Amino acid sequence: MRASARQLGVVFAAGVAGAIALGIALGLAQGESVLRWIAYMLYVAGAIVIGFAFFTGAPASPRKVARQEKEKLLKEAMDKQRGVPPPRAQAVAVEADATPFASELVVLVCAGALLFVAGVLLELAL
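Numbering (the working numbering), first residue to last: 728 to 853.
The following block contains the structure:
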(Lines of atoms letter the chains of each structure in order from A and count residues from 1; the text may use other names and numbers.)
(Lines give C-alpha, C1' and ligand atoms only; values in the text may rest on other atoms or scores of the structure.)
Protein backbone atom coordinates (compact mmCIF):
# COMPACT_ATOMS: atom_id res chain seq x y z
CA MET A 1 0.00 0.00 0.00
CA ARG A 2 2.84 2.40 0.75
CA ALA A 3 4.32 1.90 -2.72
CA SER A 4 0.97 2.78 -4.30
CA ALA A 5 0.63 5.88 -2.14
CA ARG A 6 4.18 6.91 -3.02
CA GLN A 7 3.50 6.40 -6.73
CA LEU A 8 0.26 8.41 -6.45
CA GLY A 9 2.15 11.23 -4.75
CA VAL A 10 4.92 11.26 -7.34
CA VAL A 11 2.53 11.32 -10.29
CA PHE A 12 0.37 14.00 -8.66
CA ALA A 13 3.38 16.16 -7.74
CA ALA A 14 4.86 15.86 -11.24
CA GLY A 15 1.52 16.80 -12.78
CA VAL A 16 1.09 19.81 -10.51
CA ALA A 17 4.67 20.98 -11.09
CA GLY A 18 4.32 20.67 -14.85
CA ALA A 19 0.94 22.38 -14.83
CA ILE A 20 2.26 25.29 -12.78
CA ALA A 21 5.32 25.74 -15.00
CA LEU A 22 3.33 25.59 -18.25
CA GLY A 23 0.50 27.65 -16.80
CA ILE A 24 2.84 30.47 -15.81
CA ALA A 25 4.63 30.38 -19.16
CA LEU A 26 1.44 30.34 -21.24
CA GLY A 27 -0.34 32.87 -19.02
CA LEU A 28 2.49 35.35 -19.34
CA ALA A 29 2.87 34.68 -23.07
CA GLN A 30 -0.85 35.27 -23.69
CA GLY A 31 -1.10 38.22 -21.31
CA GLU A 32 -4.00 36.57 -19.47
CA SER A 33 -4.63 35.25 -15.98
CA VAL A 34 -1.84 32.92 -14.90
CA LEU A 35 -4.14 31.09 -12.46
CA ARG A 36 -6.63 30.35 -15.22
CA TRP A 37 -3.85 28.89 -17.38
CA ILE A 38 -2.62 26.81 -14.46
CA ALA A 39 -6.16 25.44 -14.11
CA TYR A 40 -6.21 24.63 -17.83
CA MET A 41 -2.87 22.86 -17.53
CA LEU A 42 -4.16 20.84 -14.56
CA TYR A 43 -7.03 19.68 -16.79
CA VAL A 44 -4.58 18.68 -19.49
CA ALA A 45 -2.22 16.95 -17.04
CA GLY A 46 -5.12 14.96 -15.57
CA ALA A 47 -6.32 13.89 -19.00
CA ILE A 48 -2.80 12.88 -20.06
CA VAL A 49 -2.26 10.80 -16.92
CA ILE A 50 -5.62 9.03 -17.33
CA GLY A 51 -4.94 8.39 -21.01
CA PHE A 52 -1.46 7.08 -20.21
CA ALA A 53 -2.90 4.78 -17.54
CA PHE A 54 -5.37 3.18 -19.91
CA PHE A 55 -2.91 3.05 -22.81
CA THR A 56 -0.20 1.27 -20.81
CA GLY A 57 -2.62 -0.88 -18.83
CA ALA A 58 -4.29 -2.42 -21.87
CA PRO A 59 -3.83 -6.18 -22.01
CA ALA A 60 -1.93 -7.74 -24.87
CA SER A 61 -3.95 -9.06 -27.79
CA PRO A 62 -4.77 -12.78 -27.76
CA ARG A 63 -2.84 -13.26 -31.01
CA LYS A 64 0.28 -11.72 -29.51
CA VAL A 65 0.02 -13.88 -26.39
CA ALA A 66 -0.50 -17.02 -28.49
CA ARG A 67 2.48 -16.14 -30.70
CA GLN A 68 4.70 -15.58 -27.65
CA GLU A 69 3.62 -18.88 -26.14
CA LYS A 70 4.28 -20.69 -29.41
CA GLU A 71 7.74 -19.14 -29.69
CA LYS A 72 8.49 -20.04 -26.08
CA LEU A 73 7.43 -23.66 -26.61
CA LEU A 74 9.49 -23.93 -29.80
CA LYS A 75 12.53 -22.50 -28.05
CA GLU A 76 12.13 -24.93 -25.15
CA ALA A 77 11.80 -27.85 -27.59
CA MET A 78 14.97 -26.78 -29.43
CA ASP A 79 16.85 -26.38 -26.14
CA LYS A 80 15.63 -29.80 -25.01
CA GLN A 81 16.92 -31.40 -28.24
CA ARG A 82 20.30 -29.74 -27.71
CA GLY A 83 20.41 -30.83 -24.06
CA VAL A 84 20.31 -27.30 -22.67
CA PRO A 85 18.27 -27.01 -19.45
CA PRO A 86 15.67 -24.21 -19.59
CA PRO A 87 16.20 -21.29 -17.20
CA ARG A 88 12.83 -21.55 -15.40
CA ALA A 89 13.48 -19.17 -12.52
CA GLN A 90 14.76 -16.41 -14.78
CA ALA A 91 11.86 -16.71 -17.24
CA VAL A 92 9.30 -16.50 -14.44
CA ALA A 93 10.99 -13.42 -12.97
CA VAL A 94 11.00 -11.64 -16.33
CA GLU A 95 7.33 -12.43 -16.94
CA ALA A 96 6.39 -11.28 -13.45
CA ASP A 97 8.14 -7.93 -14.00
CA ALA A 98 6.58 -7.42 -17.43
CA THR A 99 2.94 -7.83 -16.36
CA PRO A 100 1.24 -4.65 -15.18
CA PHE A 101 -0.62 -4.71 -11.90
CA ALA A 102 -4.23 -3.58 -11.76
CA SER A 103 -3.37 -1.42 -8.76
CA GLU A 104 -0.98 0.65 -10.92
CA LEU A 105 -3.84 1.36 -13.30
CA VAL A 106 -6.07 2.42 -10.40
CA VAL A 107 -3.35 4.63 -8.91
CA LEU A 108 -2.70 6.41 -12.20
CA VAL A 109 -6.40 6.95 -12.89
CA CYS A 110 -6.86 8.33 -9.36
CA ALA A 111 -3.89 10.68 -9.84
CA GLY A 112 -5.33 11.90 -13.14
CA ALA A 113 -8.73 12.43 -11.57
CA LEU A 114 -7.16 14.38 -8.69
CA LEU A 115 -5.31 16.62 -11.15
CA PHE A 116 -8.51 17.23 -13.09
CA VAL A 117 -10.46 18.01 -9.90
CA ALA A 118 -7.68 20.37 -8.77
CA GLY A 119 -8.08 22.23 -12.06
CA VAL A 120 -11.86 22.45 -11.60
CA LEU A 121 -11.50 23.75 -8.04
CA LEU A 122 -8.89 26.30 -9.06
CA GLU A 123 -11.06 27.58 -11.91
CA LEU A 124 -14.13 27.75 -9.65
CA ALA A 125 -12.13 29.78 -7.15
CA LEU A 126 -11.40 32.43 -9.80
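Positions of the beta carbon are idealized from the N, C-alpha and C atoms, including for glycine.
In this text, all values refer to a predicted model and were calculated from it rather than measured experimentally.
Leaving aside the five residues that flank M768 on each side, the residues in its chain whose CB is nearer than 6 angstroms to its CB run, in chain order, A746, L749, G750.
Remark: three or more beta-carbon pairs, one from each stretch, lie closer than 8 angstroms, so the region 770-777 and the region 735-746 are flagged as touching. Taking the C-beta atoms as reference points, V834 is found no nearer than 8 angstroms to Q757.
Taking each of F781, A838, A741, E798 in turn and checking the Cα distance to S731, the smallest one comes out for A838. For the pair V776 and L842, the CB atoms are nearer than the 8 angstroms cut-off. Sixteen is the threshold: when 16 or more other Cβ atoms of the shown chains lie within 10 Å of the Cβ of F739, as they do, the residue is buried. Counting of Cβ neighbours within 10 angstroms places A804 among the exposed residues, the total staying below 16. Secondary structure note for S731: its alpha helix (DSSP H) is the uninterrupted segment 729-757. With a cutoff of 8 angstroms on beta-carbon distance, E831 and A766 are scored as not near each other.
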